[in-house]
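In case it helps, my numbering puts the sequence shown at residues 119 to 271. All remarks here apply to the structure that follows.
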Amino acid sequence: MNIGVISDTHVRHFAELPPNLIRALSGVDLIIHAGDIVALDVIRGLENLAPVKGVYGNMDLPEIRTIFPQKEVLDIEGKKIAIIHGSGGPWDLAQRVGEQFTDVDVIIFGHSHRAFNKIVGRILFFNPGRASDSYGILEIGEEISGTIHQDYQ
């Protein structure tokens with residue numbers, strides 16, 4: 119299964135997302151948004167590409183917070199995928215979000231606007247960065263692997 123992972127879109131309209139991002143997400147099985155969606159139009163547009171799961175971030179208004187939880191754990195093909203936006207400064211953000219979950223295979227987070235793709239212990243910590251700059255693809259099979267793409271040029 120291929121999962122497109124984005125965060126921190128910070129736009130009011132789906133059409134404001136980078137065209138290369140939209141093309142990349144058109145070929146995935148699922149899209150995960152790690153918060154700071156900002157507007158429902160973004161979600162509606164993404165849902166035309168693939169099913170969407172996500173969480174709200176600190177910049178999301180009540181219209182987003184009523185649809186998405188603050189954090190969530192998905193079971194996808196026998197793997198536990200945790201999603202949280204994150205909060206506070208960028209220092210030690212992976213450590214702080216890691217403290218929010220137990221017994222998961224992947225922790226997807228955002229907030230820092232900085233891409234992060236690192237295995238710590240047995241957990242893949244995965245931040246796709248700010249959607250205007252980068253996105254991530256998670257491949258789930260017997261193993262989980264993640265790649266960050268910055269091909270917007």
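We treat Cβ as the ideally placed atom computed from N, Cα and C, and that holds for glycine. Computed from a predicted model, the values in this text were never measured in an experiment.
For residue i, which residues does DSSP report across the bridge?
i, result
"G153", "DSSP output for G153 lists no bridge partner at all."
"A200", "V191 and I225"
"V129", "DSSP output for V129 lists no bridge partner at all."
"L256", "I121 and G264"
"G272", "Nothing in the structure corresponds to residue 272, since the chain is present only between 119 and 271."
"N245", "F234"
By how many angstroms is the C-alpha of residue j removed from the C-alpha of residue i?
i, j, result
"D193", "I201", "11 Å"
"M119", "E260", "10 Å"
"D154", "V173", "8 Å"
"N176", "H203", "8 Å"
"L143", "P136", "11 Å"
"R232", "V123", "13 Å"
"L139", "T220", "31 Å"
"P180", "D126", "16 Å"
Taking the alpha-carbon of residue i as reference, which of the options has the nearest alpha-carbon?
i, options, result
"A212", "D221, K197, I237 and K198", "I237"
"I258", "R248, V224 and R183", "V224"
"R166", "A152, P180, L148 and K197", "Here the sequence assigns Asn to residue 166, which means Arg is not the residue at that position. Answer by Cα proximity: L148."
Is DSSP giving residue i helix, strand or coil here?
i, result
"V215", "helix"
"V238", "strand"
"N166", "coil"
"L158", "helix"
"L143", "helix"
"F185", "Checking the sequence shown, residue 185 turns out to be Ile, not Phe. Coil."
*Hey, is the segment 239-247 in contact with the segment 179-193, meaning 3+ C-beta pairs nearer than 8 Å?*
Result no; under three Cβ-Cβ pairs closer than 8 Å.
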